[in-house]
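Report on the structure given below.
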Amino acid sequence: MSRFLNDPDNAVTETLEGFLLAHPELERRGTSRVVTSSTPPTGRVAVVTGGGSGHKPAFIGYIGDGMFDAVVCGDVFASPPVGSVLEAIRTVNTGHGVMLLLGNYSGDVMNFEMAADMARDEGIDVEMAVATDDLGAGSNVRPDQRRGVSGQFLIWKTVGAAARQGASLAELKQLALDVNSATRTMGVSLNGCTLPGSTKPTFSLDEGQMEVGVGHHGERGRSTEPLVQMDEIVDRLVDEIDQDLQLREGDRAAVVINGLGGTPMLELYIAYRRVAKVLQEKGVSIEVNFVGEYFTALGMHGFSVTLMRLNDRTLGLLKDPARTPHFTQTSTPN
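Our numbering puts the first residue of the sequence shown at -15, with every later residue one more than the last.
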């Protein structure tokens, strides 16, 4: 696959350099891949995340007021090193503790846990919450073994807002766990993705096929099936989510239609159209919706549907103002 690059081995570094030039309100810590807001947190818990590159606008696109205080960037689809995570924790710690948010990928979990333990040895209060919203491998997979995918955006938004409002470290951890347990995601794609420097995609499909249950690292899903019309695809995804989440008439929900990097907005809004109709028929009220690219997988032509059951607290946090390079709202995002 052809790409507009210089040296593929420098793609992450050059992306980071360009991003920081475009957004001078962010700062890089020395030569590391730790990026922080130029306005450090004061008098509150700091919120940190990180992971492999290739998911833009995640993760660095969400540094700012109401979301992250620091992000640690790894290589493409690779975990950031322990030392960088520890540097991020040290940098943003204000004495009120540091909340780590990450997806359920073995390298990320291992490195963040090690960094958290090292920070605790230095006297820094650190808590960690791991997202497991993905149903792509099947609902029979143990919840603690599921991947963290685009549902993480809702955790980032709620926890970031609560931290901004002055919630304690213990309160933020419980909030992250509660939002995770109320959130499920399913994805579908027409192709894999091609990493910088590679000539082959992670997987290929014949014309007229789709992959159901894909992840955000170009992984195959649980099944390759004939491509059907959008309404039928969405019905399938929502049904699988609902079997696990069990939304009931009168429930309130947040919806994320997330493009995986190569899907036109035209298609994403057609998907949202169907989700809205299906939930309306179930008597579920969509209080907040997000349609666009929030957590991508390089250039995959695919999308995911995320549903979250809301309560008064989480609804208010999702509507709370935020200002970051790739997500800004002053009120309700509808």
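Think of the CB as a built atom: it goes at the ideal place given N, C-alpha and C, for glycine as much as any other residue.
The structure presented is a predicted model; accordingly, all values stated were derived computationally and were not measured.
{"Asked": "With 16 as the cutoff for other CB atoms within 10 Å, does R104 come out buried or exposed?", "Found": "exposed"}
{"Asked": "From which residue to which residue does the alpha helix (DSSP H) around R220 run?", "Found": "M214 to L229"}
{"Asked": "Using 8 Å as the threshold, is the C-beta distance between L299 and G276 below it?", "Found": "no"}
{"Asked": "Hey, how far is the Cα of L4 from the Cα of F274?", "Found": "25 Å"}
{"Asked": "Taking T308 as the reference, which of R12, G48 and E1 has the closest Cα?", "Found": "G48"}
{"Asked": "Given a threshold of 16 other Cβ atoms within 10 Å of its Cβ, counted over all protein chains shown, does F(-12) qualify as buried or as exposed?", "Found": "exposed"}
{"Asked": "If you follow the beta strand (DSSP E) that R104 is part of, which residue opens it and which one closes it?", "Found": "Premise fails: R104 lies in the alpha helix (DSSP H), S90 to D105, not in any beta strand (DSSP E)."}
{"Asked": "Buried or exposed: M51, going by 16 or more other Cβ atoms within 10 Å of its Cβ?", "Found": "buried"}
{"Asked": "Which of the three DSSP states, helix, strand or coil, is assigned to L84?", "Found": "strand"}
{"Asked": "Which residues does DSSP list as the beta-bridge partners of A42?", "Found": "Its beta-bridge partners do not exist; DSSP assigns none."}
{"Asked": "For R297, count neighbouring Cβ atoms within 10 angstroms of its own Cβ and tell me buried if that reaches 16, exposed if not.", "Found": "exposed"}
{"Asked": "Pull the bridge partners of D49 from the DSSP assignment, please.", "Found": "R307"}
{"Asked": "Going by beta carbon distance, what residues of the same chain come within less than 8 Å of V262, once the five residues before and after it are set aside?", "Found": "V218, D219 and V222"}
{"Asked": "Name the one or two DSSP bridge partners that G243 has.", "Found": "F287"}
{"Asked": "Would you grab the beta carbon distance between G171 and G120 for me? Rounded to a whole angstrom, and I think it's under 8 Å.", "Found": "6 Å"}
{"Asked": "Using the rule of at least 16 other Cβ atoms within 10 Å of the residue's Cβ for burial, across every protein chain shown, is R28 buried or exposed?", "Found": "buried"}
{"Asked": "When you compare each of I241, R131, E(-2) and P65 to Y89 by their alpha carbons, which one comes out closest?", "Found": "R131"}
{"Asked": "Distance, Cα to Cα, S(-14) vs L301?", "Found": "42 Å"}
{"Asked": "From which residue to which residue does the alpha helix (DSSP H) around F61 run?", "Found": "Where F61 is concerned, there is no enclosing alpha helix (DSSP H), given that its DSSP letter is neither H nor E."}
{"Asked": "In terms of residue numbering, what span does the beta strand (DSSP E) encompassing S207 cover?", "Found": "S207 to P210"}
{"Asked": "Going by CA-CA distance only, name the one from A42, G36, L84 and P41 that's closest to S334.", "Found": "Lying outside -15 to 318, the shown extent of the chain, residue 334 is not represented and no answer is given."}
{"Asked": "Could you spell out where the beta strand (DSSP E) holding S173 opens and where it closes?", "Found": "T167 to S173"}
{"Asked": "So for N318, helix, strand or coil by DSSP?", "Found": "Residue confidence for N318 is low, a pLDDT of 49 falling below 50, so the modelled location carries little weight; the figure read from the coordinates is stated next. Three-state DSSP puts N318 in coil, outside helix and strand."}
{"Asked": "Does the beta-carbon of A151 have 16 or more other beta-carbons within 10 angstroms, so that it is buried, or is it exposed?", "Found": "buried"}
{"Asked": "Looking only at its chain, what residues have a beta carbon closer than 7 Å to the beta carbon of G267, apart from the 5 residues adjacent to it on each side?", "Found": "E233 and G234"}
{"Asked": "If we require 4 or more residues per run, which alpha helix (DSSP H) segments fall completely within the stretch 122 to 162?", "Found": "136 to 148"}
{"Asked": "Report, in whole angstroms, the separation of the C-beta atoms of V110 and L84, which I expect to be a contact under 8 Å.", "Found": "6 Å"}
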